[in-house]
Amino acid sequence: MSSSPAAPAAAPGRGLPALLAAAFVACALLVVLGVWTHGRMPALASRHGASIDAVIRYLLVATGILFLLGHGVLAFFVLRYAGAGERGSPHASARTEWRWALVPVLVMCVLSEGGVLIVGLPAFRQLYVDTPADPWVVEIVGKQFEWLVHYPGADGKFGESRAELVSDARNPLGLDKKDPNVADDVWTRGQLRLPVGRPVLIRLRALDVIHSFTVPEFRVKQDLIPGFLGRTQFEPTRAGKFEIACAELCGLGHYRMRGFIEVQEQSEVDAWLSDQDPAF
Amino acid sequence: MAERSGSGVLSAPAAHAGHAGAHPAPRGFLRRYVFSTDHKVIGLQYLVTAMLMALVGGGLAALIRVQVAWPTLAVVSPETYLSVVTMHGTIMVFFVVSLALVSGFGNFLIPLQIGARDMAYPLLNALSYWTIVPGCLLMLLAFFVEGGAAAAGWTAYPPLSALAEAVPGSGLGQTLWLLAMALFIASFTMGGLNYITTILNCRAKGMTLMRMPLSVWMFFVSAVLGVLAFPPLTAAALMLLGDRHLGTSFFLPGGLVFGEEVLAHEGGTPLLFQHLFWFLGHPEVYVIVLPAVGIAFDVIAAHARRPPFGYRISVWATLLIAFLSMIVWGHHMYVSGMNPLVGEYFSIATVSITAPFSVLGINLIASLWRAKIRFTTAMVFALGIISVIGTGGLGGLYLGTSTSDIYFHDSYFVVGHFHLMIGVVTLMGTFAACYHWFPKMFGRLMDERLGKLHFWLTYVPMMAVFVLMHYQGLSGMLRRYYDHSMYAFQAEGIELARVISYFAFAAIAGQLVFLVNFSWSALRGRKASENPWEATSMEWNTASPAPHGNFADDPVARRGPYEYAPPGSRQDFAPQWTA
Amino acid sequence: MGRALGAPISQGAMKPILLTLPFLALLGSRGLSIGPATAAPGDEPGTVRGKAAFQGEAPRRRKVDMGSDPACHALHEAEPLRDESILVDDKGGLANVFVYVSKGIDGKFTPPTEPAVLDQKGCCYVPHVLGMQVGQKLVIRNSDPVTHNVHSFAKKNKAFNQSQQSGGKELEHVFDKEEVLMQIKCDIHGWMSTYVGVVEHPFFAVTRADGSFEIPKLPPGEYTLTAKHEALGTQKTTLTVAAGGTVETSFSFAEQ
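Residue numbers (this note's numbering), protein chains in the order written: chain C, 1 to 280; chain W, 1001 to 1579; chain U, 2001 to 2256.
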């Protein structure tokens, strides 16, 4: 079949290709520059967080280069091969094609698996695997829409809680008054005090729906799944005030499920604790 | 070249007997345009249905943007906001993108491109469409019931989605959501089976698998993925209905407390639902993204006047992606408390997808090498797809890597990332397909100037919107928040949210340009010849618009689908059907 | 709001009847249809009066920890609010017990036209226990500077869960079934709960700070009186009200 004389598609001069190429380049530059100048994470406040930041920095650099490269080539091709004209056969040999398949495969395997295993694994270990020595242990119970913080008290043992005993105003944790371990327990609504420079081990559970405990400065995020006893661990490295937010949609007050963290010297934390109302 | 006289989709030329899939041309308005079994009419019905649903989904998007950028206006209440977010996601993923791209263009293109006269099962095809219609209606109805539409997110995690006590939308609205999803899955599965059968059994003479255009390959892989991945979601939906209405406890553990009362459920786990959901959810991404990539390959070949770089390699890479996509669902659950070793496995498997996917990317870009690019609207959209895939794909690395995902999980980074991939890539794929194959639908061309305007109003604002969301995610902003202002670390992001909203409004306005162009061109557009783009694949071997029965004679594929600038020939292109 | 008095009788198990005036029982046909019992001659209504008491040492009232919402916390800067669940006065009187006639009333009663009002003030519900009639309108308002959500855990009536902005539009609900002590709470501020008793007639009361209550205008008859406390459970008693008479009764609660 012969071709129709003038395809309606004919190239409209150089304007459009130039504009497109400019758009691609601008997109790439703006993104990379934007991250450079405006990409900010909340100031780090935990030990393992440094490794998470390292992964993110690594990815920013690695993907940044690929991103610039890809858009650069795209823009160049768009400009270079716009419209008709002589430019040699476009057919590539099977060998060339395989070679150009191998290149991205190798690059991406090294780059992405390297990110996961070499750069990423250390932080993962600190967060999930290592057993902290002499940790500060606290329990956090998620409930629409509050973070109930449960301190085990001087005995270091959490009193038993039972769902049937839950009373929203008086005993939201459902603590069992008869359990001797309860006597020195303290609970608060969203007031979490942590000692600075000491590993923290947090037990996590939820009473109603899924919540997710997140503190961006600590680079910590862990779901609270009803029916499971979860945990998360980290070590605050500087004193200060931080906010707990919920990262998993939990209902109409999801956006208001805020808790407060104050990282202080151990002695200050202890003093504050002894000042709190006992559970009963 | 003389135009053939058939008036196509909207006409009824003579019956083509004696060919698999052929059936007499229907008579009467209803049989022809409404309860049609013609794959082209059904494809268009899907497309129009998706456009109507897109009006709703886009309106919801605008509402979201107003609320998050100007929270003090409180245009909606927090509970309504959750319904809006949930329905926006569900409608866009399943009832717009899946319908337009996979069901719409899949239906329209597959038989034409493989030289078949219709789908293998035309009646099943019609049934599939007429199953989705009540699905859409049920989904929309949910806005008007007590408690409002479903509000547990498009992921519908229990217990939130299982218990009416948990959120108002988990009343009747959630039930309707589940029923609508069940209808969608039923429809989509019928469609997928039809695609697979048609592609395997109804190809024209000479149309070997390796002579199929990449778009058909990708529709094929997408259909296989869909058929494999959707049943677990069906199961999950039924189990969730059981938990909601029959007192079962698949997803509900003991000891749930609402209003000082312990629920009677016992023994289930919410994580089971997450596994079932994402076992579908992740392949679903590829179900809708791959066809867009296939369309980009087709469109780029036709308008760059050269065969796609690495056709065979792209096919193999696609198959590999499909396989990997089925074994990485757990990367949505890194912070759910899964065993860290399992998390590491999912992470290693997930980021390995970047290897075959970057092969597709390289092949798309290299398909421009030594090309003679014609900058049609279809082509600029296809070029835009390359840019967006690059951007969104690289962002995926931050989320697939389990360590960095701890920080980015459920932040705006995720929102930006998946909107680029399953929103912008797929929409631009749909648009490229519309501009490119419009002649086969209506025998006319879409307006190129409006088309270019549409492109700029799509690419620029949408990239701005979703790239900027990555910044918000980097700064710690969390998704599905009605109001970020009370958090010190999120309040700053509201300023950026306003900028994003302005871009979003521009993007939405840009889509109105498309709707105008589409409807105007369908009626008044410039008449198109049989093969206006001088393309090589089989669908151009028939009249514009394609008549009932598709081809005047039984077509034969005598060569590959992309013989542009054939070596050793002075011709610019050698169509598949020519000797 | 129609508050009524009834004529309850002794407490719990010991129901040996210190019945009151004899005549009453017979005058069978009691009020019906519209409005509380229309008094036939010699059928003037009686009153039940009584007191709820707490046995044992009153539990310590914890400070309400409003730290999770600084805006609420600021409202009680000077003096922190204390838990209102179990309020015992120095003589052992137990407040906030919902007392109502649970058996012995027939007929329909037109609900009062004035609504029952529930206010959110100081990040706290006022009143803490609210009695109202089936068909009566419940108006919920938010006088606080913060957003609340009003979440009813109705079991027999239709449950609801709505957010209400500071100074936002009043929410209105009507309950169509009897339901005693339906919890309404704010999930955003976990300490905020109120308990609503919805009954089909006007013969109910909430004990005052000293534990006393009064249900007036109760037609003569034999009744079961039920007292329910949000945390301390339910007590019942039967009693007979004579025309124009007053019956005294009392309830005694203890921590379970």
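Even glycine gets a Cβ: it sits at the ideal position worked out from N, Cα and C.
Quick test of your reading: residue i and residue j, contact by CB under 8 Å. State the CB separation rounded to the nearest angstrom.
| i | j | result |
| --- | --- | --- |
| Ala2243(U) | Asp2043(U) | 5 Å |
| Ala101(C) | Gly1310(W) | 6 Å |
| Phe2251(U) | Gly2050(U) | 7 Å |
| Gly2190(U) | Pro172(C) | 6 Å |
| Gly64(C) | Ile2188(U) | Actually they are not in contact, since the Cβ atoms of Gly64(C) and Ile2188(U) sit about 41 Å apart, beyond 8 Å. |
| Asn2142(U) | Pro1168(W) | 17 Å between Cβ atoms; not a contact. |
Check the Cβ of residue i against every Cβ in chain W and list those closer than 8 Å, keeping chain order.
| i | result |
| --- | --- |
| Pro42(C) | Ser1475, Gly1476 and Phe1489 |
| His38(C) | Tyr1471 |
| Ile52(C) | Thr1403, Ser1404, Ile1406 and Tyr1407 |
Just curious, the alpha helix (DSSP H) that residue i is in, first and last residue?
| i | result |
| --- | --- |
| Ser1222(W) | Leu1214 to His1245 |
| Thr1458(W) | Glu1448 to Leu1474 |
| Leu79(C) | Gly49 to Arg80 |
| Arg219(C) | Unbroken run through Arg219(C): none, as it is neither H nor E. |
| Thr1090(W) | Pro1078 to Thr1090 |
| Arg1065(W) | His1039 to Ala1069 |
| Tyr1407(W) | Ser1402 to Phe1408 |
| Ala1507(W) | Gly1493 to Arg1524 |
| His1436(W) | Thr1426 to Phe1442 |
| Asp1298(W) | Pro1270 to Ala1304 |
Run down chain C in chain order and give the residues with a C-beta less than 9 Å from the C-beta of residue i.
| i | result |
| --- | --- |
| Ile2292(U) | Shown here, chain U extends from 2001 to 2256; a query on residue 2292(U) therefore has no answer. |
Whose Cβ in chain C lies nearer than 8 Å to the Cβ of residue i?
| i | result |
| --- | --- |
| Asn2149(U) | Leu252 and Gly253 |
Can you name the start and end residues of the beta strand (DSSP E) that residue i belongs to?
| i | result |
| --- | --- |
| Phe1551(W) | Taken as a continuous stretch (DSSP letters only), Phe1551(W) belongs to no beta strand (DSSP E), as it is neither H nor E. |
| Cys246(C) | Gly240 to Cys246 |
| Arg2049(U) | Gly2046 to Phe2054 |
| Arg193(C) | Gln191 to Pro195 |
Who are the neighbours of residue i on chain W, taking C-beta pairs under 7 Å?
| i | result |
| --- | --- |
| Gly34(C) | Tyr1471 |
| Gln2165(U) | Ala1074 |
Against residue i, what residues of chain U qualify as contacts under a CB-to-CB distance less than 9 Å, listed in chain order?
| i | result |
| --- | --- |
| Glu1165(W) | His2151, Phe2153, Ala2159 and Asn2161 |
| Phe260(C) | Gly2067, Ser2068 and Pro2070 |
| Pro172(C) | Gly2190 and Trp2191 |
In chain C, what lies closer than 7 Å to residue i by C-beta?
| i | result |
| --- | --- |
| Ala1366(W) | Trp100 |
Given this structure, state the Cα-to-Cα distance separating residue i from residue j, to the nearest angstrom.
| i | j | result |
| --- | --- | --- |
| Gln2011(U) | Val2101(U) | The pLDDT assigned to Gln2011(U) is 39, lower than 50, so where the model puts this residue is not dependable, and the model offers no usable value. |
| His1419(W) | Val1388(W) | 10 Å |
| Thr1049(W) | Met1092(W) | 12 Å |
| Val209(C) | Gly1443(W) | 54 Å |
| Ala1565(W) | Arg1203(W) | 25 Å |
| Gln264(C) | Ala239(C) | 5 Å |
| Ala1528(W) | Thr1578(W) | 21 Å |
| Phe145(C) | Gly2122(U) | 18 Å |
| Thr2238(U) | Glu2178(U) | 20 Å |
| Glu113(C) | Trp98(C) | 22 Å |
| Gln2055(U) | Asn2157(U) | 33 Å |
| Thr1354(W) | Leu117(C) | 15 Å |
| Val1145(W) | Ala1349(W) | 43 Å |
| Val1315(W) | Val1293(W) | 11 Å |
| Pro1547(W) | Met1212(W) | 21 Å |
| Arg162(C) | Phe228(C) | 14 Å |
| Ala1497(W) | Leu1474(W) | 14 Å |
| Asp185(C) | Lys157(C) | 8 Å |
| Gly2131(U) | Gln2120(U) | 16 Å |
| Arg189(C) | Gly1059(W) | 38 Å |
Should residue i be listed as close to the ligand MG, given that the test is whether its C-beta is under 6 Å from any heavy atom?
| i | result |
| --- | --- |
| Thr1234(W) | Absent from the structure shown: the ligand MG. Ligands present: none. |
**Request:** Compile a chain-ordered list of the residues in the region 204–223 of chain C whose CB is closer than 8 Å to at least one CB of chain U.
**Result:** none
**Prompt:** What residues in the region 2059–2077 of chain U bring their beta carbon closer than 9 Å to a beta carbon of chain C?
**Reply:** For the region 2059–2077 of chain U, which is checked against every Cβ of chain C, the residues closer than 9 Å are Pro2059, Arg2060, Arg2062, Lys2063, Val2064, Asp2065, Met2066, Gly2067, Ser2068, Asp2069 and Pro2070.
**Asked** Can you list, in chain order, the residues of the region 1489–1522 of chain W whose Cβ is nearer than 8 Å to any Cβ on chain C?
**Response** The residues in question are Phe1489 and Gln1490.
**Request:** Give the residues from the region 65–84 of chain C that approach chain W closer than 7 Å (Cβ to any Cβ), ordered along the chain.
**Result:** Answer in chain order: Leu66, Phe67, Gly70, His71, Val73, Leu74, Phe77, Val78, Tyr81, Ala82, Gly83 and Ala84.
**Prompt:** Just by C-beta distance, which residues in the region 2179–2210 of chain U are closer than 7 Å to chain C?
**Reply:** For the region 2179–2210 of chain U, which is checked against every Cβ of chain C, the residues closer than 7 Å are Lys2185, Asp2187, Ile2188, Gly2190, Trp2191 and Ser2193.
**Message:** Any C-beta of chain U within less than 7 Å: which residues of the region 177–205 of chain C qualify?
**Reply:** Thr188, Arg189, Gly190 and Gln191
**Residues within the region 158–170 of chain C neighbouring chain U, beta-carbon criterion of under 8 Å** = Ser167, Asp168, Ala169 and Arg170
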